[in-house]
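Enquirer: Numbering (our numbering), first residue to last: 617 to 975.
Where is the CB? At the ideal position from N, CA and C, for every residue including glycine.
Quantities reported herein were computed from a predicted structural model and do not represent experimental measurements.
Below are the structure tokens for one structure; questions will follow.
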């Protein structure tokens, strides 16, 4: 029998079984080769990716590295044209100009002292009837409550007997009437309650007219006069909720500032946009405008707690100048010392100039 005959077939698959390598073995070898090839390709791809990332990082670093800036001395910065472009540095010339200061203050809204009244019980007695309640609008002379006083009744009876007159109304009855047009904002009595003559029974106020009282140091309040326009807001960033005028300016004293002005602001509240008791901000527009050396607020920075400007010394250098500030109008601020008319100051790029110089 030949070698070829010494074989048999797998009865299930029909494959010849013998000493030669099986197809499964061949497939395993091919699989191992493919893994090696794939591993090589993966290593090549990873190397290429790492190289590309390295190049990108180097390029990015070269484009974003801070341009040249150096501190020449304690008060002067020198920077390249590239730094100026990178920081967006711009300068403006400072000149005296017409100036209307705006004084920002905060205070609580209250009733106008000339438009509010507290009504006391007129005699010792009992509340017979309450006619008006909190929130009710009333007219001048309108009855708010009726009181009954036995002691008053006895006095009235004696008077009638002496004059030989008959009573025309219930004796001992007194009426509480509103002294002004307004709204009942407080009611402190109820029907049947015993009251004394000094007891506060009602508070009536004209809510069309409210007031704000603030204390402002004399330096900031300089120039504020009666009649100056005022804008009222809960948050200056959200806009005005009412308007008013300065109605009184009086001298005062402060332990901190030495002297201050007590300012009262009348608020037009016919639209009912503010209410008594709430805290608001008020922007007082000083009507007595003058002239001042002004810089834009964006040009200002603080170094060591001192207001500072970068004064242009040349096209690519700036001097650090500490200044004394006055009042502002929300966009510009008055400079009272440390700067002269005609100088140029850095108006844009101030923060980057300060940060890059580690000031």
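#1: Closest by CA to residue 763, which one among 751, 787, 754, 756?
#2: Can you tell which of 833, 912, 860 has the C-alpha that lies nearest to the C-alpha of residue 896?
#3: Could you tell me if residue 885 is buried or exposed, where buried requires 16 or more neighbouring beta carbons within 10 angstroms of its beta carbon?
#4: May I ask you to check if the CB of residue 798 is nearer than 7 Å to at least one heavy atom of the ligand MN?
#5: Which same chain residues, not among the five before or five after residue 918, have their C-beta less than 8 Å away from its C-beta?
#6: In three-state terms, what does DSSP make of residue 736?
#7: Look up residue 901 in the DSSP assignment and say whether it is helix, strand or coil.
#8: So what does DSSP say about residue 966, is it helix, strand or coil?
#9: Would you say the segment 707-721 touches the segment 909-916, given that touching needs at least three Cβ pairs under 8 Å?
#10: Decide if residue 779 is buried, meaning its Cβ has at least 16 other Cβ atoms within 10 Å, or exposed.
#11: Considering only the beta carbon of each residue, do residue 826 and residue 725 sit closer than 8 Å?
#12: Apply the 10 Å Cβ neighbour rule to residue 926 and answer buried if 16 or more other Cβ atoms are within range, or exposed otherwise.
#13: Which residue or residues does DSSP assign as beta-bridge partners of residue 922?
#14: Provide the residue(s) that pair with residue 944 in DSSP beta bridges, ordered along the chain.
#15: When the Cα of residue 828 is compared with those of 717, 964, 883, which residue comes out closest?
#16: For residue 727 versus residue 887, is the C-beta spacing smaller than 8 Å?
#17: Based on the DSSP output, what are the partners of residue 852 in its beta bridges?
#18: Which class does residue 860 belong to by DSSP, given the choice of helix, strand or coil?
#19: Could you check whether residue 890 and residue 858 sit closer than 8 Å to each other, using their CB atoms as the reference points?
#20: Spell out a yes or no on whether the segment 957-974 and the segment 731-750 are touching, meaning 3 or more CB-CB pairs, one atom from each, closer than 8 Å.
#21: Please classify residue 765 as buried or exposed, where buried requires at least 16 other C-beta atoms within 10 Å of its C-beta.
#22: Secondary structure at residue 938, three-state DSSP: helix, strand or coil?
#23: Kindly indicate which three-state DSSP category residue 798 falls into: helix, strand or coil?
#24: List the endpoints of the continuous beta strand (DSSP E) containing residue 722.
#25: Assign residue 823 to one of three DSSP states: helix, strand, or coil.
#26: Assign residue 959 to buried or exposed, taking buried as 16 or more other Cβ atoms, counted over all protein chains shown, within 10 Å of its Cβ.
#27: Drop a sphere of 10 angstroms on the beta-carbon of residue 717, count the other beta-carbons inside from all chains shown, and report buried for 16 or more, exposed for fewer.
#28: Could you tell me the distance, in whole angstroms, from the CA atom of residue 840 to the CA atom of residue 691?
#29: Going by C-alpha to C-alpha distance, which of 741, 744, 760 sits closest to residue 751?
#30: Whole angstroms are fine: how far does the CA of residue 789 sit from the CA of residue 776?
#31: When DSSP labels each residue in this structure, what does residue 887 get in the three-state scheme?
#32: Measuring alpha carbon to alpha carbon, tell me which of 830, 851, 815 ends up nearest residue 739.
#33: Contact check, residue 962 vs residue 928 under 8 Å by CB: the rounded distance?
#34: Quick check on residue 794: buried or exposed, where buried means 16 or more other Cβ atoms within 10 Å of its Cβ?
#35: Is it the case that the Cβ atoms of residue 719 and residue 880 are separated by a distance below 8 Å?
#36: Could you check how far apart the C-beta atoms of residue 832 and residue 721 are, in whole angstroms? I think they sit under 8 Å.
Expert: Well, looking at it:
#1: Of the listed residues, the one whose Cα sits closest to residue 763 is 787.
#2: Distance from the Cα of residue 896 is smallest, within the candidate group 833, 912, 860, for 860.
#3: Burial call: buried.
#4: Inclusion of the ligand MN in the displayed structure is not the case, the ligand content being empty and no account of it being possible.
#5: Contacts found: 924.
#6: For residue 736, the three-state secondary structure derived from DSSP is strand.
#7: For residue 901, the secondary structure class from DSSP, reduced to helix, strand or coil, is strand.
#8: Of the three classes helix, strand and coil, the one that applies to residue 966 here is helix, per DSSP.
#9: With the cut-off at 8 Å, the segment 707-721 and the segment 909-916 touch.
#10: With fewer than 16 Cβ atoms within 10 Å of its Cβ, residue 779 is classed as exposed.
#11: Result yes, Cβ atoms of residue 826 and residue 725 sit closer than 8 Å.
#12: Under this definition residue 926 is a buried residue.
#13: Residue pairing by DSSP places residue 922 opposite 919 in a beta bridge.
#14: Beta-bridge pairing links residue 944 to 949.
#15: It is 883 whose Cα lies nearest to the Cα of residue 828.
#16: Residue 887 sits away from residue 727, with the two beta carbons spaced by 8 Å or more.
#17: As computed with DSSP, residue 852 is found in no beta bridge at all.
#18: Residue state, collapsed to three classes: strand.
#19: Yes. Within cutoff.
#20: No, the segment 957-974 does not touch the segment 731-750.
#21: Burial call: buried.
#22: It is a strand residue.
#23: When DSSP states are grouped into helix, strand and coil, residue 798 belongs to the strand group.
#24: The continuous beta strand (DSSP E) containing residue 722 extends over residues 718-727.
#25: Coil.
#26: Within 10 angstroms of the beta-carbon of residue 959 lie 16 or more other beta-carbons, which makes it buried.
#27: Buried: at least 16 other Cβ atoms inside 10 Å.
#28: Their backbone Cα atoms lie some 38 Å apart in a straight line.
#29: When only C-alpha atoms are compared, the closest one is 760.
#30: Residue 776 and residue 789: Cα-Cα distance of roughly 15 Å.
#31: In the structure shown, residue 887 sits in coil (DSSP, three-state: anything other than H, G, I, E or B).
#32: Among 830, 851, 815, the Cα nearest to that of residue 739 belongs to 815.
#33: That pair is a contact at about 6 Å.
#34: Here residue 794 is buried. Its C-beta has 16 or more other C-beta atoms within 10 Å.
#35: Result no, Cβ atoms of residue 719 and residue 880 do not sit closer than 8 Å.
#36: The C-beta distance from residue 832 to residue 721 rounds to 6 Å, short enough to fall under 8 Å.
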